[in-house]
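Here the sequence shown is numbered in the working numbering, starting from 7 and rising by one per residue. A quick write-up on the structure given underneath.
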Amino acid sequence: MEKRYRDYFRYLDKFELDVISEEEASSIRDGIRLQLNSLNLEMIRALIIALAFLICTCIFLSIGLSNMNVFDLVCAAVMGVIAAVSSVRYRNMSDTSNKMNQYIDKFSRI
């Protein structure tokens, strides 16, 4: 996914704002908005996954601490790591979303 967006940003950087027409800028903005919509859906999925694993972490942690069961504590640790990885993925997608919004603003000034 990151490679796809990196290639798309390189493609957007190739455009010269002085030469581009209003119609081309409008079609580019529409393309960016389409990519942004798909990215927002992926961000929602990542956020739901992170929250679900965070809830599972809390459940396993409370059971593990109340019963002093090592298996539940290990499960809580694994769930916590998965939630952290999903949160980092969400943050990276958020940075990509911000960059896309900057490109939309850049092509809106034309």
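Virtual Cβ for every residue (Gly too), placed ideally from N, Cα, C. Note that the structure is a prediction, hence the values are computed from the model and not measured.
DSSP three-state assignment for Phe66, whether helix, strand or coil: helix
Between which two residues does the alpha helix (DSSP H) containing Val25 stretch? Premise fails: Val25 is in no alpha helix (DSSP H) and is neither H nor E.
Drop a sphere of 10 angstroms on the beta-carbon of Met74, count the other beta-carbons inside from all chains shown, and report buried for 16 or more, exposed for fewer. exposed
Under the three-state reduction of DSSP, which class applies to Arg157: helix, strand or coil? Any question about residue 157 goes unanswered here, given that the chain covers just 7 to 116.
Output yes or no for whether 8 Å exceeds the beta carbon distance between Leu67 and Ala82. yes
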